[in-house]
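Which chain is which? The protein sequence lines are A and B, in order. Position 169, counted from 1, in the first sequence is what the numbering used here calls 218; the numbers after and before it change by one each time, with no gaps. Position 215, counted from 1, in the second sequence is what the numbering used here calls 281; the numbers after and before it change by one each time, with no gaps. Glycine included, C-beta positions come from ideal geometry on N, C-alpha and C. This one's a predicted model, so the numbers in the text were calculated from it and none came from an experiment. A short write-up of the structure that comes next.
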Amino acid sequence: MYEGIVQELIDEFGRLPGIGPKSAQRIAFHILQTETFDVSRLAELLTELREKVHFCEICGNVAEQQTCSICRDPRRTPTLICVVEEAKDVVAIERTREFRGLYHVLGGAISPIDGIGPDELRIRQLLQRLADGTVQEVIIATDPNLEGEATATYLSRLLQTLEIRVTRLASGLPVGGDLEYADEVTLGRAFEGRTIVSN
Amino acid sequence: MVPLYRDEAVVIRTTKLGEADRIVTMLTKQHGKVRAVAKGVRRTASKFGARLEPFMVADVQLYEGRSLDIITQAETLGAYGADIVADYPSYTAANAIVETAERLTDAEPQLQQYLLLVGALRSLARGDHDAALVLDAYLLRALSLAGWAPSFFDCSRCQKPGPHSHAVVQLGGVVCDECAPSGSPRLDADTLGLLSALLTGDWDLADESPEDVRRRASGVTAAYTQWHLERGLRSLAHLDRKQLTT
Ligand SMILES: [Zn+2]
Ligand SMILES: [Zn+2]
Chain A
50 MYEGIVQELI DEFGRLPGIG PKSAQRIAFH ILQTETFDVS RLAELLTELR
100 EKVHFCEICG NVAEQQTCSI CRDPRRTPTL ICVVEEAKDV VAIERTREFR
150 GLYHVLGGAI SPIDGIGPDE LRIRQLLQRL ADGTVQEVII ATDPNLEGEA
200 TATYLSRLLQ TLEIRVTRLA SGLPVGGDLE YADEVTLGRA FEGRTIVSN
Chain B
67 MVPLYRDEAV VIRTTKLGEA DRIVTMLTKQ HGKVRAVAKG VRRTASKFGA
117 RLEPFMVADV QLYEGRSLDI ITQAETLGAY GADIVADYPS YTAANAIVET
167 AERLTDAEPQ LQQYLLLVGA LRSLARGDHD AALVLDAYLL RALSLAGWAP
217 SFFDCSRCQK PGPHSHAVVQ LGGVVCDECA PSGSPRLDAD TLGLLSALLT
267 GDWDLADESP EDVRRRASGV TAAYTQWHLE RGLRSLAHLD RKQLTT
């Protein structure tokens with residue numbers, strides 16, 4: 050245990066996801082020892098993040114306005130919606146340059162054991178977006194792991210009753226992993242070879 | 067000497083750890099409930115693939131770590147995950163099953179609980195029976211193994227031979243007229259018959275039961291489960307019954 054500010058900072062870093070006590074200590078000492086480290090810039094960014102960055106009212110992606118830059122872009126195809134778990138999946142798919150439609154970020158995957166059912170995700174908002182008949186295809190791009198597949202099963206069953214084509218990313222994606230770790234080529238191919246769930 | 071060990075295990079739950087690892091909670095055949103780290107499992111090129119996902123049964127090799135054990139190898143024995151997630155009601159039932167297994171077991175070896183869990187997941191994957199029935203049969207039997215066997219025929223307080231119709235989950239099932247507190251709810255013979263069938267494994271009777279009877283039996287089973295597992299099961303709130311939606 051260190052005293053005062055140093056320990057408090059280590060405790061704060063340690064609360065962040067993926068950072069254990071050792072990493073927290075390393076980061077705190079790095080900042081302490083590196084005079085050129087711009088502390089006020091980091092503090093400013095954190096404050097700005099809290100004040101200015103929100104989730105897009107339409108798709109749930111990160112946005113600095115009411116809506117995100119993808120939803121505001123008139124060149125995107127409004128008839129196509131790709132459903133993903135997290136905003137970081139939008140980044141992964143954008144890197145492939147294979148997809149020119151819009152997104153819908155669910156905010157996670159269905160996992161009852163963790164207390165997450167359909168009502169805890171942005172599924173109601175998805176149905177609202179599909180209500181006016183503009184969208185002709187929904188591509189389900191949840192993670193290729195168990196919870197992602199279960200979420201895809203649920204969505205397929207839910208959307209079956211609507212007059213919309215539902216597709217799932219091709220099964221070429223290795224199972225068990227997170228979508229964000231798929232390389233661009235594999236992910237791009239998965240888009241091209243997506244399979245029809247219901248038509 | 068490297069403290070290596072090998073066992074058969076059902077994956078109960080996984081939680082993300084750091085950049086690409088997961089903590090895998092398993093019920094093993096010989097070592098009870100084990101929490102271990104699977105390194106790099108979230109990377110798409112992981113050697114583990116889907117072998118360490120929930121509902122999978124695997125032959126695992128681990129070495130003892132200081133706080134958590136580390137999984138070094140995993141070979142699939144029962145690949146139940148894919149079939150279970152392909153049917154949403156089965157997925158929600160499987161969640162309640164593994165959550166119950168997690169709550170009823172500890173580091174002590176519990177072979178009977180292990181076999182019951184594998185059997186329930188295999189049955190869901192094969193679609194042998196309605197998912198809700200598989201869940202209810204599992205819950206009643208898992209609680210029985212844990213020392214809380216209910217009775218749906220003889221009085222659960224004084225053992226007076228049944229049938230009885232007062233059902234009080236807090237007293238362990240049905241109770242006779244003398245043992246029943248005033249105002250005890252009554253259950254119909256069909257529902258009690260189904261509950262007994264699920265407890266004893268009479269699948270012919272269970273498979274034939276009508277939906278309204280199944281729903282009443284599920285209500286009793288859920289109440290009995292929640293009563294014994296102090297903190298409620300989170301998964302039970304998210305159960306999805308096929309019959310209700312089609
Ligand atoms: Zn948006
Ligand atoms: Zn009695």
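### Query
So, is the C-beta of Ala231 of chain A closer than 8 Å to a C-beta in chain B?
Against the first sequence, residue 231 of chain A aligns to sequence position 182. True, the Cβ-Cβ gap to chain B drops below 8 Å.
### Query
DSSP state of Phe218 of chain B, grouped into three classes?
Here residue 218 of chain B is taken as the residue at index 152 of the second sequence, counted from 1. Secondary structure of Phe218 of chain B (DSSP, three-state): coil.
### Task
Taking a Cβ distance cut-off of 7 Å, strictly less, list which residues of the region 180–209 of chain A are near chain B, in chain order.
Within the region 180–209 of chain A, the qualifying residues are Asn194, Leu195, Glu198, Ala199, Thr202, Tyr203, Arg206.
### Query
Thr126 of chain A lies in the alpha helix (DSSP H); which residues open and close that run?
Counted from its first residue, the first sequence places residue 126 of chain A at position 77. Thr126 of chain A -> not in any alpha helix (DSSP H); beta strand (DSSP E) instead, spanning 126–133.
### Message
At a CB distance below 9 Å, what residues from the region 141–153 of chain B approach chain A? Give them in sequence order.
### Response
Residues passing the 9 Å Cβ filter: Gly147, Ala148, Ile150, Val151, Ala152, Asp153.
### Val184 of chain A (DSSP reduced to helix, strand or coil)
The sequence position of residue 184 of chain A within the first sequence is 135, counting from 1. Look at Val184 of chain A here: in three-state DSSP terms it is coil, with no helix or strand label.
### Task
Could you name the residues of the same chain whose beta carbon sits closer than 7 Å to that of Ser284 of chain B, not counting the 5 residues immediately before and after it, in chain order?
The count along the second sequence starts at 1 and reaches residue 284 of chain B at position 218. Hits under 7 Å: Ala198, Asp202.
#### Entry: Under 9 Å (Cβ pairs) to chain C, residues found in the region 152–165 of chain A
Note that chain C does not occur in the displayed structure, where the protein chains are A and B.
### Query
Do Leu177 of chain B and Lys95 of chain B come within 8 Å of each other at the CB atom, strictly closer than that value?
Taking the first residue of the second sequence as 1, we reach residue 95 of chain B at position 29. Taking the first residue of the second sequence as 1, we reach residue 177 of chain B at position 111. Contact flag set, yes.
### Query
Nearest-angstrom Cα distance between Leu128 of chain B and Thr138 of chain B?
Translated into positions along the second sequence, residue 128 of chain B becomes position 62. Translated into positions along the second sequence, residue 138 of chain B becomes position 72. Answer to the nearest angstrom: the Cα atoms are 5 Å apart.
### Query
Is the shortest distance between the beta-carbon of Gly228 of chain B and the beta-carbons of chain A less than 8 Å?
Here residue 228 of chain B is taken as the residue at index 162 of the second sequence, counted from 1. The beta-carbon of Gly228 of chain B is placed no less than 8 Å from the nearest beta-carbon of chain A.
### Task
Kindly provide the chain-ordered list of residues whose Cβ lies closer than 7 Å to any non-hydrogen atom of ligand 2.
Having a Cβ closer than 7 Å to some heavy atom of ligand 2 are B:Cys221, B:Arg223, B:Cys224, B:Lys226, B:Val241, B:Cys242, B:Glu244, B:Cys245.
### Message
Can you determine whether any heavy atom of ligand 1 sits closer than 7 Å to the C-beta of Cys131 of chain A, and answer yes or no?
### Response
Within the first sequence, residue 131 of chain A is the residue found at index 82, counting from 1. Judged by the Cβ position, Cys131 of chain A fails to qualify as a neighbour of ligand 1 at the 7 Å threshold, every heavy atom of the ligand being at least this far.
### Query
Name the chain B residues that come within less than 9 Å of Gly67 of chain A, Cβ to Cβ?
Along the first sequence, read from residue 1 onward, the residue named residue 67 of chain A stands at position 18. Result: Lys82, Leu83, Gly84, Glu85.
### Query
Taking the alpha-carbon positions, what's the Asp243 of chain B to Thr266 of chain B distance?
As a working note, residue 243 of chain B is residue 177 in the second sequence. As a working note, residue 266 of chain B is residue 200 in the second sequence. Asp243 of chain B and Thr266 of chain B: Cα-Cα distance of roughly 25 Å.
### Query
Taking 8 Å as the CB-CB limit, is Glu315 of chain B close to chain A?
Since the first residue shown for chain B is 67 and the last is 312, residue 315 of chain B is missing from the structure and cannot be characterised.
### Query
Should His103 of chain A be labelled buried (16 or more other beta-carbon atoms within 10 Å of its own) or exposed?
As a position in the first sequence, residue 103 of chain A is number 54, starting the count at 1. Here His103 of chain A is exposed, its C-beta having fewer than 16 other C-beta atoms within 10 Å.
### Query
Taking Cβ positions only, does Thr51 of chain B come closer than 8 Å to chain A?
Past the edges of chain B, shown from 67 to 312, lies residue 51 of chain B, and the structure says nothing about it.
### Query
Could you give the residue range of the beta strand (DSSP E) that holds Leu70 of chain B?
Counting from 1 along the second sequence, the entry for residue 70 of chain B is found at position 4. Leu70 of chain B -> beta strand (DSSP E) spans 70–83.
### Query
CB Arg252 of chain B to CB Ser231 of chain B, shorter than 8 Å?
The sequence position of residue 252 of chain B within the second sequence is 186, counting from 1. The sequence position of residue 231 of chain B within the second sequence is 165, counting from 1. Taking C-beta atoms as the reference points, Arg252 of chain B and Ser231 of chain B count as a pair closer than 8 Å.
### Query
Got a sec, what are the start and stop residues for the beta strand (DSSP E) His315 of chain B sits in?
Nothing about residue 315 of chain B can be reported from this structure: the residues present for chain B run from 67 to 312 only.
### Query
If we count the other Cβ atoms within 10 Å of its Cβ and call it buried at 16 or more, is Thr312 of chain B buried or exposed?
The residue given as residue 312 of chain B occupies position 246 in the second sequence. In this prediction, Thr312 of chain B scores a pLDDT of 36, lower than 50, which makes its location untrustworthy; no coordinate-derived value is stated.
### Task
Pull up the CB-CB distance for Glu233 of chain A and Thr145 of chain A, whole angstroms please, since I reckon it's below 8 Å.
The residue labelled residue 233 of chain A in the question sits at position 184 within the first sequence. The residue labelled residue 145 of chain A in the question sits at position 96 within the first sequence. 5 Å between Cβ atoms; contact.
### DSSP bridge partner residues for Tyr129 of chain B (one or two, in chain order)
As a position in the second sequence, residue 129 of chain B is number 63, starting the count at 1. DSSP lists B:Leu70, B:Ile136 as partners of Tyr129 of chain B.
### Query
Between Ala112 of chain A and ligand 1, is the CB less than 7 Å from at least one heavy atom?
Your numbering for residue 112 of chain A matches position 63 in the first sequence. Answer for Ala112 of chain A: yes, Cβ within range of ligand 1.
### Query
Is the beta carbon of Val241 of chain B less than 8 Å from the beta carbon of Phe218 of chain B?
Numbered from its first residue, the second sequence carries residue 241 of chain B at position 175. Numbered from its first residue, the second sequence carries residue 218 of chain B at position 152. No, they are not a contact pair.
### Query
What residues from chain B crowd round Asp138 of chain A, counting only those whose CB sits closer than 7 Å?
Working through the first sequence from its first residue, we reach residue 138 of chain A at position 89. Residues of chain B whose Cβ lies closer than 7 Å to the Cβ of Asp138 of chain A do not exist; the shortest such Cβ separation is about 13 Å.
### Query
Any idea which residues DSSP pairs Ala332 of chain B with across the strands?
With chain B running from 67 to 312 in the structure shown, residue 332 of chain B is simply not present.
### Query
By how many angstroms is the C-alpha of Ala136 of chain A removed from the C-alpha of Ile59 of chain A?
Reading the first sequence from its first residue, position 10 is the one you call residue 59 of chain A. Reading the first sequence from its first residue, position 87 is the one you call residue 136 of chain A. The C-alpha of Ala136 of chain A is placed about 28 Å away from the C-alpha of Ile59 of chain A.
### Message
Alpha carbons only, please: which of B:Met92, B:Tyr157, B:Arg132, B:Gly147 is nearest the one belonging to Asp125 of chain B?
### Response
As a working note, residue 125 of chain B is residue 59 in the second sequence. For the residues B:Met92, B:Tyr157, B:Arg132, B:Gly147, the minimum Cα distance to Asp125 of chain B belongs to B:Met92.
### Query
Since Cys105 of chain A contacts Cys120 of chain A with CB under 8 Å, what's their CB separation in whole angstroms?
For the purposes of this step, residue 105 of chain A is taken as the residue at position 56 of the first sequence. For the purposes of this step, residue 120 of chain A is taken as the residue at position 71 of the first sequence. Sure, about 6 Å apart at Cβ, within 8 Å.
### Query
Per the contact definition of three or more C-beta pairs closer than 8 Å, is the region 161–179 of chain B in contact with the region 160–169 of chain A?
Cβ pair count under 8 Å is three or more, so yes.
### Task
Alpha carbon to alpha carbon, how far is Asp87 of chain B from Gln114 of chain A? Give it in angstroms, no decimals.
The residue labelled residue 114 of chain A in the question sits at position 65 within the first sequence. The residue labelled residue 87 of chain B in the question sits at position 21 within the second sequence. One Cα belongs to Gln114 of chain A, the other to Asp87 of chain B, and the distance between them is close to 34 Å.
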